[in-house]
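Scroll down for the structure; my scribbles are underneath it.
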Amino acid sequence: MSDEREPHQDAAAADTLHFEHLVQINDPRELRIEPIRRDQLWRGLLLRAQTPQLFIPWLDEVEVESDADGSLRRVLHFGDYEVRDQVHFENETRVRYEIEDERANTHFSLTMCIEEPANDALFVRFTYAARSIDHHAQSPLGEMVKSAYQQADRDTVFRIRQLAASGVLEKQ
């Protein structure tokens, strides 16, 4: 059986910016930082999707168009600019965000996956795939984009820590 992809699909895949990194949540050697339980981390990642204003202060409004079968379809309003995305939740382990705009030939995905390689060692792996005018494999802005994503992800974890410390992430 041959692989009969269309040439523009191969070109688009080759020009997609791929990037991933790990953020350590708990470090058993670091006693100054209060550890977060896996269930708190999961609830924090869920809350980021369900109530993104807690994580993105410049977000004006969120409309949830559908909430079923382990996914959300949302419209995010940033002033006059709007983003339509879909968020998938998988087995209390993974949250995947997807934005697709066929008219503009853009695609963006972010996957946040909880990893626990050992007891008390908790990480989140952030994986990005982006293709647009500004986000592509050959972009001279690539390193700046990656750095911005890393900082946003550290900010997400910092906010989850704040919410955990305040009791918001406790099971109700």
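To convert a position in the sequence shown, counted from 1, into our numbering, add 402.
For each residue, glycine too, the CB sits at the ideal point set by N, CA and C.
Query: Should LEU424 be labelled buried (16 or more other beta-carbon atoms within 10 Å of its own) or exposed?; Result: exposed
Query: Would you be able to state if there are at least three C-beta pairs under 8 angstroms between the segment 452-467 and the segment 524-531?; Result: no
Query: Report all residues from its chain with a CB closer than 8 angstroms to the CB of PRO519; omit the five preceding and five following residues, and keep chain order.; Result: PHE525
Query: Measure the C-alpha to C-alpha separation of VAL547 and PHE510 and round it to an integer number of angstroms.; Result: 13 angstroms
Query: In angstroms, rounded to a whole number, what distance separates the CA positions of THR558 and PHE457?; Result: 7 angstroms
Query: Going by DSSP, which residues form a beta bridge with ASP487?; Result: ARG476
Query: How should ASP555 be labelled, buried or exposed, when 16 other C-beta atoms within 10 angstroms of its C-beta is the threshold for buried?; Result: buried
Query: Specify the secondary structure class of LEU447 as computed by DSSP and reduced to three states.; Result: helix
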